[in-house]
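Protein chains in written order, with the numbering used here: chain A, 4 to 406; chain B, 232 to 463.
Below is one structure, written out as structure tokens, with a few remarks after it.
What follows is the structure in structure tokens.
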């Protein structure tokens, strides 16, 4: 009995050896066949690793910038087109609210000496903004309550603006013109750290001025965009409904006057989108794998036809059907696995490169590797099955005649 | 005598469809062979002798009738059992040797032992011994393409014998050989038969058939003569 089991293993070993001989004997054909599987697995690995890397870094940057904040956009009704500073004070007085930062945008033409820059994004903020982001200012001073109350013409500018206007000059105390109005540069602030994909969503402006000054330039009494900073430990969803209730009252319960968005819900939406995207991409990649499998099946059918006489001979020499089937199944399995392993290697290299390009961290995704190799093993067996079965069922008499 | 019966065929018919036409390849074959016999099946092409060989060799089963090989009812066996029976009892020799060109002479001879589950060392030892037996001790690592027709046929004989079968079944074994080489192969067959191995040879050539100790003639699927060569 033991001898028989050992004999079976020896036979299977012999099958592997013969299969490798056959694969090596048809190098070009084998390579072209396994290329399909290789491309499929490469796609699967690269997509999974890259998407999981990107969504990981997105999630962390969202939580770092959006935790404990609500962003409110106001479209207004016919009677009331925005929020007055008094309205904002009412929101700020809510239990869950720590503070409010209005955001009043100007799109302006900015000039200093002979340098002119159009389309600079200028935003009016309040002192609370600088108080709650103490690391923002790198040089000079932040804008304070005095600036807010008196609508002063002071501004802080981004590093980017410093490079544009003040190359080799200390910008502090200099006068720049925003839409023709002179402003004194009070400080310089840091632009987004992190960079990469996350910076697309934060949209920090180039120049910050007091929001009261910005409203005066815009000739308005109303604010259409602001951020609500929540007290620590407040649930953002509860806070959002509290803010919504208050604003409903202010807008006389008219529909569609404003939107309150918790950053955490943006994060959730992003995650869902990423999930859908990776499912979609995995779907496309699995089509590539199926096409690769069909390639393998095609080659195996050709091989079976080519080796009909050999199969007949082996049967005459006493090979039982399952031994013939095993040999061809092993061959397609090996072919597919070689393609799969090459695909895993290529996929890892590709995702490493992609992660570097997208400036996200490369994480070795072992799940993707198992998925890739598992998939190719399955493809080899599934698509090798029919040809191997065909071989095992060949009538030895007819097979022998096919010389 | 019954103890020595190697196989017995009773009322064997074989019909098949070829090109939509039913063909009665074998009609009511009755044949009985004793162990250690040397038999020739002589007949022109299309006479049904190849079909008879396939049934004797357990490559095919009869449509009707009874075939008993060493006490086993062959017509009742499935494909796997037929393969196992072939592996144990029958060594085939084909007209054009049918060696695998990718493998050396030694590996070709080892092939049946792989499927019989013989372990590598034992396999090699037996294959080497068998190649020595057919006089090819110095050609073991040659590929078939590096061997002459006669040498190739000797490798095929070694392959047929390596599993130590009880029956050597040869289909036109000298068909592709010149007369001198053919004669050498015939000599080898006689020697093997002298070692008490049953030998059945299918041929259309009377001169080749004459090497056997018993000849049957088959025409149109029927045995017309079954006497000894001396009587014919």
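Cβ atoms here follow ideal geometry from the backbone N, Cα and C, with glycine treated the same way.
- Identity of the residue in 297(B), 368(B), 332(B) and 263(B) nearest residue 236(B) by Cα: Counted from its first residue, the second chain places residue 236(B) at position 5. Of the candidates 297(B), 368(B), 332(B) and 263(B), the one whose C-alpha sits nearest the C-alpha of residue 236(B) is 263(B).
- Query: Ordered along the chain, which non-local residues of its own chain (more than five positions away) have a Cβ less than 7 angstroms from that of residue 408(B)?
  - Reply: As a position in the second chain, residue 408(B) is number 177, starting the count at 1. Excluding residues within five positions, the ones whose Cβ falls inside 7 angstroms are 380, 381, 384 and 416.
- Message: For a cutoff of 9 angstroms on Cβ pairs, would you count residue 28(A) as touching chain B?
- Response: To locate residue 28(A), count along the first chain from 1; it is residue 25. Closer than 9 angstroms: yes.
- Item | Range covered by the alpha helix (DSSP H) that runs through residue 397(A) | Stepping through the first chain from its first residue, residue 397(A) is reached at position 394. Residue 397(A) -> no alpha helix (DSSP H), and no H or E assigned at all.
- Query: What are the complete alpha helix (DSSP H) segments, minimum 4 residues, inside the region 331–394 of chain B?
  - Reply: 336–346, 351–364 and 380–392
- What residues match up with residue 114(A) in a beta bridge as DSSP calls it? If you number the first chain from 1, residue 114(A) lands on position 111. In the DSSP output, where bridge partners are listed per residue, residue 114(A) has 119(A) and 180(A).
- Message: For the region 19–30 of chain A against the region 247–262 of chain A, do three or more pairs of beta-carbon atoms, one drawn from each stretch, fall closer than 8 angstroms, so that the two count as touching?
- Response: no
- Task: For the beta strand (DSSP E) holding residue 278(B), just list the boundary residues, first then last.
- Result: By 1-based counting over the second chain, the position of residue 278(B) is 47. Residue 278(B) -> no beta strand (DSSP E), and no H or E assigned at all.
- Query: How is residue 142(A) classed by DSSP in three states: helix, strand or coil?
  - Reply: Here residue 142(A) refers to the residue found at position 139 when the first chain is read from its first residue. Strand, per DSSP.
- Task: For residue 334(A), decide whether its Cβ has a neighbour in chain B, counting only Cβ atoms nearer than 9 angstroms.
- Result: One-based indexing of the first chain puts residue 334(A) at position 331. Chain B, which has no Cβ nearer than 9 angstroms to the Cβ of residue 334(A), makes this no.
- Cross-chain neighbours of residue 392(A) in chain B, by beta carbon under 7 angstroms: In the first chain, counting from the first residue as 1, residue 392(A) sits at position 389. Going along chain B, no residue has its Cβ under 7 angstroms from residue 392(A), so there is no contact; the nearest lies around 13 angstroms.
- Task: Show which residues of chain B have a CB atom less than 9 angstroms away from the CB atom of residue 13(A).
- Result: The residue you call residue 13(A) lines up with position 10 of the first chain. Those within 9 angstroms of residue 13(A) in chain B are 345, 348, 349, 350, 351 and 354.
- Item | Expected contact under 8 angstroms - CB spacing of residue 94(A) and residue 249(A) to nearest Å | Translated into the one-based positions of the first chain, residue 94(A) becomes position 91. Translated into the one-based positions of the first chain, residue 249(A) becomes position 246. About 6 angstroms separates the two Cβ atoms, so the contact holds.
- From which residue to which residue does the beta strand (DSSP E) around residue 445(B) run? Working through the second chain from its first residue, we reach residue 445(B) at position 214. 445–450 is the span of the beta strand (DSSP E), which, as asked, contains residue 445(B).
- Task: Under 9 angstroms between beta-carbons, which chain B residues line up against residue 19(A)? List them in chain order, please.
- Result: In the first chain, counting from the first residue as 1, residue 19(A) sits at position 16. Neighbours of residue 19(A) on chain B: none; closest Cβ ~12 angstroms, over 9 angstroms.
- Query: Going by the CB atoms, is the gap between residue 322(B) and residue 366(B) shorter than 9 angstroms?
  - Reply: Locating residue 366(B) in the second chain gives position 135, counting from the first residue. Locating residue 322(B) in the second chain gives position 91, counting from the first residue. In this structure, residue 322(B) does not lie closer than 9 angstroms to residue 366(B) by Cβ.
- What is the DSSP secondary structure of residue 239(B), reduced to helix, strand or coil? For the purposes of this step, residue 239(B) is taken as the residue at position 8 of the second chain. Residue state, collapsed to three classes: strand.
- Inspect the beta-carbon positions of residue 164(A) and residue 210(A) and report whether they are closer than 9 angstroms. For the purposes of this step, residue 164(A) is taken as the residue at position 161 of the first chain. For the purposes of this step, residue 210(A) is taken as the residue at position 207 of the first chain. For residue 164(A) and residue 210(A), yes; Cβs fall inside 9 angstroms.
- Item | Whole-angstrom C-beta distance between residue 292(A) and residue 382(A), which should lie under 8 angstroms | The sequence position of residue 382(A) within the first chain is 379, counting from 1. The sequence position of residue 292(A) within the first chain is 289, counting from 1. Going by Cβ atoms, the distance from residue 382(A) to residue 292(A) rounds to 6 angstroms, so yes, they are a contact pair.
- Query: On the three-state DSSP scale, how would you describe residue 464(B)?
  - Reply: Missing from the structure shown is residue 464(B); chain B here goes from 232 to 463 and no further.
- Please specify which runs of the alpha helix (DSSP H), each continuous and at least 4 residues long, are wholly inside the region 214–284 of chain A, giving them in chain order. 214–221 and 239–253
- Message: Less than 9 angstroms between CB atoms is the rule here; does residue 320(A) satisfy it with respect to chain B?
- Response: The residue labelled residue 320(A) in the question sits at position 317 within the first chain. So, interface residue.
- Query: How many angstroms separate the CA atom of residue 106(A) from the CA atom of residue 144(A)?
  - Reply: Looking up residue 106(A) in the first chain gives position 103. Looking up residue 144(A) in the first chain gives position 141. Going from the Cα of residue 106(A) to the Cα of residue 144(A) covers about 20 angstroms.
- Min CB distance residue 203(A) to chain B below 9 angstroms: The residue given as residue 203(A) occupies position 200 in the first chain. Reliability fails at residue 203(A), whose pLDDT of 43 lies under 50, so the model's placement of it is uncertain and no value is given.
- Item | Local conformation of residue 426(B) per DSSP, three classes | In the second chain, counting from the first residue as 1, residue 426(B) sits at position 195. Note: residue 426(B) maps to coil in three-state DSSP.
- Item | Exposed unless 16 or more other CB atoms sit within 10 angstroms - verdict on residue 369(A) | Taking the first residue of the first chain as position 1, residue 369(A) is located at position 366. Exposed is the call here.
- Task: Report buried or exposed for residue 442(B), applying the criterion of at least 16 other Cβ atoms within 10 angstroms of its Cβ.
- Result: Locating residue 442(B) in the second chain gives position 211, where the first residue counts as 1. Buried, because 16 or more other Cβ atoms sit within 10 Å of the Cβ of residue 442(B).
- From residue 56(A) to residue 119(A), what distance separates their C-alpha atoms? Numbered from its first residue, the first chain carries residue 56(A) at position 53. Numbered from its first residue, the first chain carries residue 119(A) at position 116. Computed Cα separation, rounded: 40 angstroms.
- Task: Using a threshold of 9 angstroms, state whether the C-beta atoms of residue 254(A) and residue 83(A) are closer than that.
- Result: Locating residue 254(A) in the first chain gives position 251, counting from the first residue. Locating residue 83(A) in the first chain gives position 80, counting from the first residue. For residue 254(A) and residue 83(A), yes; Cβs fall inside 9 angstroms.
- Whose C-beta lies closer than 6 angstroms to the C-beta of residue 400(B) among residues of the same chain, with five residues either side of it excluded? As a first step, residue 400(B) is located in the second chain; it is residue number 169 there, counting from the start. Counting only Cβ-Cβ distances below 6 angstroms, and skipping sequence neighbours, we find 288, 321, 323 and 431.
- Query: residue 133(A): buried (16+ other C-beta within 10 angstroms of its C-beta) or exposed?
  - Reply: Indexing the first chain from 1 puts residue 133(A) at position 130. By the 10 Å Cβ count, residue 133(A) comes out buried.
- Item | Partner residues on chain A for residue 285(B), Cβ-Cβ distance less than 7 angstroms | Translated into the one-based positions of the second chain, residue 285(B) becomes position 54. 400, listed in chain order.
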